Amino acid sequence: MNSKLKVKLQESLLAVLPITGIVLVLSIFFVPLNTGTMMMFFAGAVMLILGMGMFQLGAEISMTPIGEGIGVQISKSGKLALIALTGLVMGIIITVAEPDLQVLSNQVPGIPNMTLILTVAVGVGIFLAIAVLRIVLKIDLSVLLILLYAVLLVLSFFVPKDFLAVAFDSGGVTTGPITVPFIMALGVGLSSVRADKNATNDSFGLVALSSVGPILAVMLLGWFYSTEGASYGAAALVSVETMRDVARAFAVQLPHYAKDVFISIVPIFLMYLVFQALSHRYQRRQRLRILVGFGYTYIGLVLFLCGVNVGFAPVGTMLGRELAATTQCWLLVPVGMLIGYFIVKAEPAIQILNHQVEGVTDGAVSAKAMNLCLSIGVSVSVGLAMLRVLTGISLQWIVIPGYVIALVMSRLVPKIFVGIAFDSGGVASGPMTSTFLLPLCIGACEMLGGNVMTDAFGVVALVALTPLIAIQIMGLQYRFKLNRRKLQNGPEVPLPEDSDDIVEIGEE
1 MNSKLKVKLQ ESLLAVLPIT GIVLVLSIFF VPLNTGTMMM FFAGAVMLIL GMGMFQLGAE
61 ISMTPIGEGI GVQISKSGKL ALIALTGLVM GIIITVAEPD LQVLSNQVPG IPNMTLILTV
121 AVGVGIFLAI AVLRIVLKID LSVLLILLYA VLLVLSFFVP KDFLAVAFDS GGVTTGPITV
181 PFIMALGVGL SSVRADKNAT NDSFGLVALS SVGPILAVML LGWFYSTEGA SYGAAALVSV
241 ETMRDVARAF AVQLPHYAKD VFISIVPIFL MYLVFQALSH RYQRRQRLRI LVGFGYTYIG
301 LVLFLCGVNV GFAPVGTMLG RELAATTQCW LLVPVGMLIG YFIVKAEPAI QILNHQVEGV
361 TDGAVSAKAM NLCLSIGVSV SVGLAMLRVL TGISLQWIVI PGYVIALVMS RLVPKIFVGI
421 AFDSGGVASG PMTSTFLLPL CIGACEMLGG NVMTDAFGVV ALVALTPLIA IQIMGLQYRF
481 KLNRRKLQNG PEVPLPEDSD DIVEIGEE
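Following our numbering, the residues of the sequence shown are numbered contiguously, the last one being 508.
Shown next, in the form of structure tokens:
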């Protein structure tokens with residue numbers, strides 16, 4: 001076995017085991033699940049492990065070098081119109097290809113699927129163009145985010161109530177497993193051409209700004225469409241008795257996901273071919289490596305999505321319903337927080353982001369520290385989402401104060417943490433959130449007789465929110481350590497928040 005693939009599979013195994021163990025414990029002590037259901041769940045877990053490992057390896061050897069290459073080439077051109085146009089076109093192409101967006105579009109019957117997809121794609125394209133121009137023009141990310149989120153929060157008061165949660169959720173689902181590796185690498189490529197001290201800081205923030213576009217676009221769309229009467233089609237759990245039935249259930253669905261992922265990958269592959277034909281950037285060995293990477297990415301994403309949707313999502317809905325049906329329905333909050341803590345580790349794009357952050361910051365922000373902060377943030381998110389299901393609290397009561405806190409903190413932490421934090425928010429809300437946590441909330445909401453559109457939807461938005469605060473708290477800790485070191489070493493030692501002289505988080 002390829003040594004790198006073996007390492008990726010081991011990482012995937014460690015990421016998926018905790019959530020599998022939690023479901024097993026819940027099925028024994030709180031929500032008895034029949035043997036067939038558990039067989040489906042465990043089979044989905046195996047596919048999840050294989051898929052995530054292969055996808056991470058594929059993204060590392062294909063999506064990352066392509067994104068970096070395009071970023072370097074357009075940055076070297078120095079033509080702002082070309083840079084903006086490239087960002088716009090790439091944003092639209094990769095968003096239309098995003099599997100998570102397909103899932104969301106099928107759950108909002110008040111709007112035609114393609115209308116929602118194209119609206120979100122244009123929103124991402126426009127804001128990705130703004131994001132790449134920001135890097136080239138050296139515009140402060142914090143100032144730009146404050147202005148954009150101020151507009152979003154004001155507009156939230158004029159959006160139909162049933163549409164608000166869908167709008168904020170759309171910002172999370174668009175930054176999924178297809179888009180994140182590409183956009184992150186594009187930012188690294190764009191900033192690598194610059195030789196100034198802020199280049200590393202500015203390599204982050206593309207995912208953050210790309211997440212704003214769809215929220216704004218879907219909010220505007222809400223003025224023309226109504227979600228009244230919209231309902232969520234929960235994934236049905238296949239009835240199985242033997243392992244042959246389990247294999248048949250996955251085999252029936254596998255071609256569907258193979259087709260969807262193929263449609264998702266082809267536009268990016270064609271974009272790579274056009275780029276290579278124009279730039280001749282990659283040599284024969286590199287081209288072969290990229291082709292192999294596309295193969296790993298394709299197979300991995302097919303296995304991942306099939307395992308999650310067929311084995312995980314139905315169990316999520318069932319757990320939500322059964323927990324809400326007990327006399328101790330308040331258990332939804334601590335159980336949700338526990339699941340949220342571990343489920344973020346199973347998001348494939350999270351692992352890619354964490355390793356890229358560790359590499360770009362030369363280990364100053366370790367993947368381990370990032371994982372811990374994101375786990376805590378998502379745990380709080382899911383706890384708040386379950387609290388909304390139980391009480392019907394408006395999403396605005398959480399989102400507005402949350403973003404205000406995050407934006408205020410963005411003026412206090414070192415600049416590099418602003419981009420990392422806001423990128424992390426978009427990345428955390430990936431396919432595991434939309435296919436396990438969302439069904440968990442919806443199952444509970446349906447059993448409690450709540451409004452699914454206002455009370456259950458919004459979990460993706462909350463998962464995208466709390467990492468912003470958690471990572472910036474890590475940034476405040478980082479600044480404190482730098483200031484303490486400055487005092488210990490004397491006034492002649494400069495504060496290196498915007499240079500390469502960085503201190504590892506947790507170092508004493």
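Every residue gets a Cβ at the ideal spot worked out from N, C-alpha and C, and that includes glycine.
Since we're looking at a predicted model, the values are computed, not measured.
Are the Cβ atoms of residue i and residue j separated by less than 9 angstroms?
i: Ala185; j: Met219; result: no
i: Leu465; j: Gly336; result: no
i: Pro137; j: Leu209; result: At residue 137 the sequence reads Leu, which differs from the Pro that was named. In this structure, Leu209 does not lie closer than 9 angstroms to Leu137 by Cβ.
i: Leu216; j: Gly123; result: yes
i: Met447; j: Arg321; result: yes
i: Pro181; j: Ala349; result: yes
i: Leu374; j: Pro467; result: yes
i: Leu476; j: Met409; result: yes
i: Gly311; j: Phe250; result: yes
i: Leu206; j: Ser170; result: no
i: Thr86; j: Val132; result: yes
i: Met54; j: Leu5; result: yes
i: Leu190; j: Val72; result: yes
i: Val96; j: Pro267; result: yes
i: Tyr403; j: Leu155; result: no
i: Ser75; j: Ser3; result: no
i: Leu26; j: Leu323; result: yes
i: Val463; j: Val333; result: no
i: Leu338; j: Ile22; result: yes
i: Ala364; j: Tyr478; result: yes
i: Leu50; j: Leu331; result: no
i: Ile61; j: Val292; result: yes
i: Pro65; j: Tyr298; result: no
Assuming residue i and residue j are in contact, meaning their beta carbons sit under 8 angstroms apart, how far apart are those beta carbons, in whole angstroms?
i: Ala129; j: Gly91; result: 7 angstroms
i: Leu48; j: Ala346; result: 7 angstroms
i: Thr179; j: Glu98; result: 6 angstroms
i: Val389; j: Gly340; result: In fact, because the Cβ distance is near 13 angstroms, the residues do not count as touching under 8 angstroms.
i: Leu141; j: Gly419; result: 6 angstroms
i: Gly36; j: Val240; result: 4 angstroms
i: Gly458; j: Ala385; result: 7 angstroms
i: Met453; j: Val246; result: In fact, because the Cβ distance is near 33 angstroms, the residues do not count as touching under 8 angstroms.
i: Leu353; j: Asp423; result: 7 angstroms
i: Phe127; j: Gly213; result: 3 angstroms
i: Ile111; j: Tyr296; result: Rounded, the Cβ-Cβ distance is 35 angstroms, inconsistent with contact.
i: Met271; j: Ile93; result: 6 angstroms
i: Phe163; j: Gly187; result: About 31 angstroms; that fails the 8 angstroms criterion.
i: Ile19; j: Phe342; result: 5 angstroms
i: Val173; j: Ser434; result: 6 angstroms
i: Leu88; j: Gly125; result: 4 angstroms
i: Leu387; j: Val31; result: With 8 angstroms as the limit, Leu387 and Val31 do not qualify as a contact, their Cβ atoms being about 20 angstroms apart.
i: Gly359; j: Gly450; result: That pair is no contact at about 44 angstroms.
i: Phe294; j: Ile70; result: About 15 angstroms; that fails the 8 angstroms criterion.
Along the chain, where does the alpha helix (DSSP H) that runs through residue i open and close?
i: Tyr282; result: Unbroken run through Tyr282: none, as it is neither H nor E.
i: Leu487; result: 459-489
i: Cys509; result: In the structure displayed, the chain extends from 1 to 508; residue 509 sits before or after that span and is not available.
i: Trp397; result: 396-409
i: Gln373; result: A small fix is needed here, since residue 373 is Cys in this sequence, not Gln. 367-391 is the span of the alpha helix (DSSP H), which, as asked, contains Cys373.
i: Gln10; result: 3-29
i: Met318; result: 313-325
i: Leu331; result: Where Leu331 is concerned, there is no enclosing alpha helix (DSSP H), given that its DSSP letter is neither H nor E.
i: Phe224; result: Premise fails: Phe224 is in no alpha helix (DSSP H) and is neither H nor E.
i: Phe417; result: 415-428
i: Leu412; result: Here Leu412 belongs to no alpha helix (DSSP H), and DSSP marks it neither H nor E.
i: Ala456; result: Here Ala456 belongs to no alpha helix (DSSP H), and DSSP marks it neither H nor E.
i: Gly189; result: 179-192
### Query
Are there three or more Cβ pairs, one per stretch, closer than 8 angstroms when the segment 42-52 is compared with the segment 308-324?
Proximity of the segment 42-52 to the segment 308-324 meets the contact definition, three or more beta-carbon pairs being nearer than 8 angstroms.
### Task
Any chance you could list the alpha helix (DSSP H) runs of at least 4 consecutive residues sitting entirely within the segment 108-175, in chain order?
The segment 108-175 is shown to contain whole alpha helix (DSSP H) runs of 4 or more residues at 113-137, 141-155, 161-173, in chain order.
### Message
Under 8 angstroms: do the segment 127-145 and the segment 251-265 share three or more Cβ pairs, one atom per stretch?
### Response
Contact check between the segment 127-145 and the segment 251-265: fewer than three CB pairs, one atom from each, fall below 8 angstroms, which does not count as touching.
### Query
Unbroken alpha helix (DSSP H) runs of length 4 or more, entirely within the segment 42-103: which are they?
For the segment 42-103, whole alpha helix (DSSP H) runs of length 4 or above, ordered along the chain, are 64-77, 80-96.
#### Entry: contact_flag[the segment 413-426, the segment 471-480] where n(CB pairs < 8 angstroms) is 3 or more
Contact between the segment 413-426 and the segment 471-480 is present, with at least three C-beta pairs closer than 8 angstroms.
### Task
Please confirm if the segment 6-23 is in contact with the segment 284-293, defined as three or more CB-CB distances below 8 angstroms between the two stretches.
For the pair of segments examined, the segment 6-23 was found not to touch the segment 284-293: the number of CB pairs separated by less than 8 angstroms stays below three.
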